[in-house]
Amino acid sequence: MAESVKTYRQEQAELTRVRIAEAARKLFADAGYGATSIDAIAKEAGVATRTVYSAFGTKREILSLICDRWLEQAGARQLAGEVLQETDPAAKLRKAAHWLTNLYSAGFDVVLIFEAATDESAETRALLRAKLAGRNEVMDAIIASLESSLAIPLKQAQAVYRALAAPGVYRELVDESGWTEAEFEQWVSESLQRQLLA
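With UniProt numbering applied, the sequence shown corresponds to residues 1 to 198, in that order.
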């Protein structure tokens with residue numbers, strides 16, 4: 001009996017954490033990470049301020065959960081696995097373009113929140129670097145798996161993919177210039193194939 005009560009409490013606690021994270025994501029996107037207070041997050045989530053502190057402790061921990069949920073919703077790890085399993089080089093690059101586009105379409109607001117939060121504390125910058133490093137490791141691994149088919153040196157090829165994946169590129173083409181996500185994906189795919197394959 002005690003165990004089922006504990007499980008229910010754990011479920012409720014997790015639901016509360018998710019509600020707080022979703023409220024924070026909206027506020028961070030609208031007002032900015034630095035300008036958003038824990039009090040404002042609590043009010044938006046409909047919980048007491050002490051509940052936010054109890055569930056997370058800091059805004060940085062909320063930001064970490066926002067990122068983890070974004071990657072989960074985008075199916076980032078599963079899609080990356082599918083890209084790495086592809087054996088045809090052109091098809092692999094098409095899938096790499098899809099992986100990137102899917103990641104951004106599922107949460108470009110999170111990418112912008114991350115960019116805005118880089119002026120915060122050293123601990124926040126360390127968290128952001130760690131999250132970004134994970135993304136870059138996946139991208140570099142995808143290109144490294146193509147090494148025998150590359151027309152240019154591996155390090156250059158990896159840099160090309162990271163450059164095409166720069167948030168400013170997506171923002172300029174999709175947000176500012178009105179490209180559809182499908183157009184962006186096709187452009188990344190064609191650019192990668194043209195630049196990287198012999």
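The beta carbon of each residue, even a glycine, is placed where N, CA and C say it ideally should be.
Rounded to the nearest angstrom, the gap between the Cα atoms of D175 and A122 is 30 Å.
C-alpha of A151 to C-alpha of A126: approximately 35 Å in a straight line.
Using a Cβ-Cβ distance cut-off of 8 Å, the stretch 26–43 and the stretch 68–83 are not in contact, since fewer than three pairs of beta carbons, one from each stretch, lie closer than that value.
When secondary structure is reduced to three states using DSSP, L146 falls in the coil class, being assigned neither helix nor strand. In the DSSP assignment, D109 falls within the unbroken alpha helix (DSSP H) covering 89–117.
Counting other Cβ atoms within 10 Å of its Cβ, G107 reaches 16 or more and is therefore classed as buried. A residue is called buried once 16 or more other Cβ atoms fall within 10 Å of its Cβ, and T101 is buried on that count. Contact between the stretch 47–59 and the stretch 82–102 is absent: fewer than 3 CB-CB pairs across the two stretches fall below 8 Å. Taking all protein chains in view, the Cβ of A166 is surrounded by fewer than 16 other Cβ atoms within 10 Å, so the residue is classified as exposed. Cβ neighbours of V111 within its own chain (closer than 7 Å, five residues either side excluded): Y104, P167. Per the DSSP secondary-structure output, L197 pairs in a beta bridge with L150. For S54, the enclosing alpha helix (DSSP H) covers residues 49–55.
The alpha carbon of A157 has as its nearest neighbour, out of I20, I142, R171, the alpha carbon of I142.
For D39, the enclosing alpha helix (DSSP H) has its first and last residue at 38–45. Rounded to whole angstroms, the gap between the alpha carbons of L197 and T124 is 38 Å. Secondary structure note for E72: its alpha helix (DSSP H) is the uninterrupted segment 59–73. Between the alpha carbons of A117 and S64 lies a distance of about 12 Å. It is roughly 18 Å from the alpha-carbon of K131 to the alpha-carbon of A159. Within the stretch 169–196, complete beta strand (DSSP E) segments of at least 3 residues are not found at all.
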